[in-house]
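According to full-length UniProt numbering, numbering within the sequence shown proceeds without interruption in unit steps and concludes at 443. All residues carry an ideal CB built from backbone N, CA and C; glycine is no exception. Since the structure is predicted, the reported quantities are computational estimates derived from the model, not experimental observations.
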Amino acid sequence: MSHASEPRPMTARRRGALTGVANVPGDKSISHRALILGALSVGETHITGLLEGQDVLDTAKAMAAFGADVQRIGDGEWRVHGVGVGGFAEPADVIDCGNSGTSVRLIMGAMATTPITATFTGDASLSKRPMARITDPLSEFGAQIAAREGGRLPVTIGGATDPVPLRYKTPVASAQIKSAILLAGLNAPGETVVIESEPTRDHSERMLAGFGATIRTEQTEEGHVITLTGRPELRGQPVAVPRDPSSAAFPVAAALIVPGSEIRVPGVSRNPTRDGLYVTLKEMGADIGFENQREEGGEPVADLVVRHSPLSGVDVPADRAASMIDEFPILSVVAAFAQGKTVMNGVAELRVKESDRIDAMARGLEANGVTIEETRDSMTVHGMAKVPGGAEAATHLDHRIAMAFMVLGLASEAPVSVDDGSPIETSFPDFISLMQGLGADLG
C-alpha cells in the first residue's frame, strides 16, 4: 500500500453463518523484532511465517538501509544477513516508517547507541503520535535528538559516540518503550535495566535470549525488572513466527456474534502477555476451545475453535489492559452484541495509538445505534439484542478501526461502511479475502 493511496471505502453486510478455517497472518510484533534482531546479529537469520503487511515491510526496508542484507525468498520466508551489534551503517536517506509506531520506535532504539545519524518520518497518522516517550530515555544513553514540537516526527537522532547504560522506569505500560531501551542497551557497556509497573508483551525478552543476549527478568518491590547485559555477540537464528492473536481477534469476534458460525483458527500465539482478549471473551461466555497446544519459535501456540455464543457484559480490569491493548476496538464491537454493559478500564493508551481509538470507536458505534460512555481512561459499551447499523464510520488511517467496523457490519441489522479500508493492508493484507472465504459479505 502506498502511504499516499486514495481512500478505499468498504461495506460489510449480514449474509449468514461463518464457517471454515481462518489462516491469519504471522504475528506483527514478532515479525518486526525478528527483522531487527536479525540485522543486529552475526550470520544468517532465516524467518518463516513473516507477516508481509506494509508495517513489517517498512521495517525490512529500514534494516536494509542500515546495512543489513534483507531478502525475501518465498511466501513469508525471509533471509537476513546481519551486521552485528553496533554495526549499523548510516542510511543514505530518510527512514520512512509509514504508519508503524512499532517500526519507528524500535528502530530508533536499535540505532541510538551507534555513532551514526538517521532521520525518521512517517505518514500523517504516525506523525501525530508521541515520540518523546522514546527519545527522552534514548537521550539518556547519550544520543542527540532533534524533533518537531511535542516530540513528533520527523525526528533526527545522532547516535551516542560513548553510550552509557541506563536504568529506567517506564512512565506508562508500553512494550515499545521497553523494547526501544533494550535494543539501545545492546550497544552500551554494562547492564541496562528497564522497570515496569506491570509486565507488557515479552517478545523482545524472549527473542533477545534466543539470539544469545544475557537477559533476566524478576519481580521486585520496584516492579517488573528486566536487566540486559550490553555488547553481546548476537548470532543469527531460525525464527518461526506464530500467527498473530491480534489479527485472529477479528475472525474470532465475527464468529462469536454471527449466528450459526463455527470456525477454526490454527497456530495462534497464546503468549500470556498477549492473551487478555481471549481471557475476557471467555469471561463473557464465549465458546472458544484451545486445541493442539504446543510451542513454536519459543512461543506457546494453539488452534482456536470458535462458535457463535450468547455473551454477557463484563468489567475488564485495568491491570489486564497491557495484555490486550490492541484488541479493545474489536472487543467494543463484541460488547455491542452482549447482554448488559461492558466496562473497559485502564485504556488511556488507546488515545495515542494510530488514532484516538476510544474516540474513533465511540463515534462510530454511536452512529450505528450503540450507547457509549467514555472517560479519558475508560470506555463503557451498552450491549443490545440487535445493533441497528446503517452508518459509515471514520477510520482515521487506523487498520484496527477499519477491521472492527467491518466485523460490526456482519452482524448488525443494516450494512456498516468505513470511509477508508486501505490501512488494513498495514497489518492484515488478506483480511478481506480471508473473511470472504469464511462466508462474509464485505469489501
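Residue i, DSSP secondary structure in three states
i           : result
residue 451 : Not covered by the structure: residue 451. The range shown for the chain is 1 to 443.
L166        : coil
E349        : helix
G437        : helix
L106        : helix
M284        : coil
Q219        : strand
S355        : coil
I432        : helix
P91         : coil
H203        : helix
T19         : strand
P317        : coil
L228        : strand
V279        : helix
residue 522 : Shown here, the chain extends from 1 to 443; a query on residue 522 therefore has no answer.
Straight-line Cα distance separating residue j from residue i
i    : j    : result
E425 : D27  : 14 angstroms
L281 : Q237 : 35 angstroms
T342 : L331 : 9 angstroms
E349 : S323 : 12 angstroms
T200 : P7   : 34 angstroms
A338 : A286 : 10 angstroms
E344 : P91  : Correcting the residue type first, residue 344 is Met in the shown sequence and not Glu. Roughly 42 angstroms separates the two Cα atoms.
L40  : V239 : 14 angstroms
V268 : A175 : 20 angstroms
G390 : V370 : 12 angstroms
I145 : H308 : 51 angstroms
G150 : R133 : 11 angstroms
N368 : A249 : 21 angstroms
L277 : M131 : 27 angstroms
P329 : T161 : 42 angstroms
T273 : I358 : 22 angstroms
M1   : S422 : At M1 the pLDDT is 39, less than 50, meaning the model places this residue with poor confidence; the figure from the coordinates comes in the next sentence. Their backbone Cα atoms lie some 7 angstroms apart in a straight line.
A362 : R148 : 30 angstroms
I263 : A336 : 21 angstroms
R400 : D326 : 8 angstroms
A118 : K353 : 24 angstroms
Q54  : D430 : 12 angstroms
G210 : T380 : 40 angstroms
D420 : S100 : 17 angstroms
Nearest-angstrom Cβ-Cβ length linking residue i and residue j, presumed shorter than 8 angstroms
i    : j    : result
E205 : I215 : 6 angstroms
M435 : A254 : 7 angstroms
A188 : G159 : Their Cβ separation, rounded to whole angstroms, is 11 angstroms, which puts A188 and G159 out of contact at 8 angstroms.
V387 : F405 : Wrong, their Cβ atoms sit about 11 angstroms apart, outside the cutoff.
S125 : H396 : 7 angstroms
A173 : L138 : A173 to L138, Cβ: 19 angstroms. No contact.
H203 : S29  : 5 angstroms
F120 : P154 : 6 angstroms
I47  : V80  : 7 angstroms
G313 : G340 : 4 angstroms
G82  : A68  : 5 angstroms
A65  : I95  : 6 angstroms
Segment limits, beta strand (DSSP E) that includes residue i
i    : result
A324 : The sequence as given places Met at residue 324; Ala does not occur at that position. That residue, M324, is in no beta strand (DSSP E); it is neither H nor E in DSSP.
P300 : 299-307
F120 : 117-121
P251 : Note, P251: premise wrong, no beta strand (DSSP E); alpha helix (DSSP H) at 245-257.
H32  : Where H32 is concerned, there is no enclosing beta strand (DSSP E), although the alpha helix (DSSP H) it sits in stretches over 28-39.
H382 : 378-382
M10  : 10-13
R72  : 69-74
T48  : 44-48
G158 : 152-158
Test item: CB-CB of residue i and residue j under 8 angstroms
i           : j    : result
A402        : A12  : no
L182        : F141 : no
L35         : A60  : yes
L442        : L410 : yes
S246        : P25  : no
A180        : R105 : yes
E291        : V305 : yes
A17         : V265 : no
I226        : K178 : yes
residue 466 : V241 : Nothing in the structure corresponds to residue 466, since the chain is present only between 1 and 443.
D58         : G87  : no
H224        : E191 : no
residue 445 : N271 : Only positions 1 to 443 of the chain appear in this structure, which leaves residue 445 out of reach.
R14         : S433 : no
L311        : L234 : no
Extent of the continuous alpha helix (DSSP H) to which residue i belongs
i    : result
V268 : Element bounds for V268: not the alpha helix (DSSP H) but the beta strand (DSSP E), 262-269.
H81  : It is not in any alpha helix (DSSP H) - H81 instead sits in the beta strand (DSSP E) that spans 77-81.
M403 : 399-411
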